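S.K.:
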Amino acid sequence: MSNQDFKIEAYTDNDKEQILKVWEKSVLATHDFLKPTDFEEIKILVKTIDFNHFDVYCLKQSNKVLGFIGVAEQKIEMLFFSPEYIGKGFGRKLTDFAFLELKADKVDVNEQNTNAVKFYEKLGFKTYERTDKDDQGKAYPLLRMKLETAGKSPNR
1061 MSNQDFKIEA YTDNDKEQIL KVWEKSVLAT HDFLKPTDFE EIKILVKTID FNHFDVYCLK
1121 QSNKVLGFIG VAEQKIEMLF FSPEYIGKGF GRKLTDFAFL ELKADKVDVN EQNTNAVKFY
1181 EKLGFKTYER TDKDDQGKAY PLLRMKLETA GKSPNR
């Protein structure tokens, strides 16, 4: 897929159904550490999110959402892709956009999501804090990470 085949667009409410589907497929493919009951609880919570409260951008091809990123207060709050687009460089494109356009320099990552941890470390993020539980109080440790090269796209 060439660069001309996709575009990064600001979220609109018309994208919500698609990003919820992308979120679900992505989490099922990458968060195998979640208990099924916890996944269902999180899914209900995600459906209630007003994505307009974040800077959310969708990576699209022909109006199909392939993935999305959400930033609030310079922190990447969400980055999800349909599984068939994971590992193809698109995460890098959305994070570069977030670094340069939204000045994002922080992220929280589930410690058990080792591929995500490696992805962010490769981009130049360093862990500055570890929690025993996630923000909902569940036993899913988080790594709070900060970009060492804040304000610019990290070196490749």
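For the sequence shown, this note's numbering begins at 1061 and goes up steadily by one. All residues carry an ideal CB built from backbone N, CA and C; glycine is no exception. This one's a predicted model, so the numbers in the text were calculated from it and none came from an experiment.
(1) For K1071, does the count of other Cβ atoms within 10 angstroms reach 16, so buried, or fall short, so exposed?
(2) Excluding five sequence neighbours on each side, which residues of the same chain lie with their C-beta closer than 6 Å to the C-beta of G1211?
(3) For the region 1142-1182, list the beta strand (DSSP E) runs that are entirely contained and at least 3 residues long, ordered along the chain.
(4) Tell me, to the nearest whole angstrom, how far the beta carbon of F1066 is from that of Q1121; I am working on the premise that it is less than 8 Å.
(5) Using the Cβ count rule (16 or more neighbours within 10 Å means buried), how would you classify T1155?
(6) Entirely within the region 1090-1128 and at least 4 residues each: give me those alpha helix (DSSP H) ranges in chain order.
(7) Can you name the start and end residues of the beta strand (DSSP E) that Y1071 belongs to?
M.R.: In short:
(1) Counting from 1 along the sequence shown, the entry for residue 1071 is found at position 11. It should be pointed out that residue 1071 corresponds to Tyr in this sequence rather than to Lys. Classification of Y1071: buried, given that the 10 Å Cβ count is 16 or more.
(2) Taking the sequence shown and counting its residues from 1, the one referred to as residue 1211 is at position 151. Reliability fails at G1211, whose pLDDT of 47 lies under 50, so the model's placement of it is uncertain and no value is given.
(3) Annotation: the region 1142-1182 contains the following complete segments of the beta strand (DSSP E) (minimum length 3 residues), in chain order: 1166-1170.
(4) Numbered from 1 along the sequence shown, position 6 holds the residue referred to as residue 1066. Numbered from 1 along the sequence shown, position 61 holds the residue referred to as residue 1121. Rounded, the Cβ-Cβ distance is 5 Å, consistent with contact.
(5) As a first step, residue 1155 must be located in the sequence shown, where it is residue number 95. When all chains shown are included, T1155 counts as buried.
(6) You should have 1096-1107.
(7) Locating residue 1071 in the sequence shown gives position 11, counting from the first residue. For Y1071, there is no enclosing beta strand (DSSP E), as DSSP marks it with neither H nor E.
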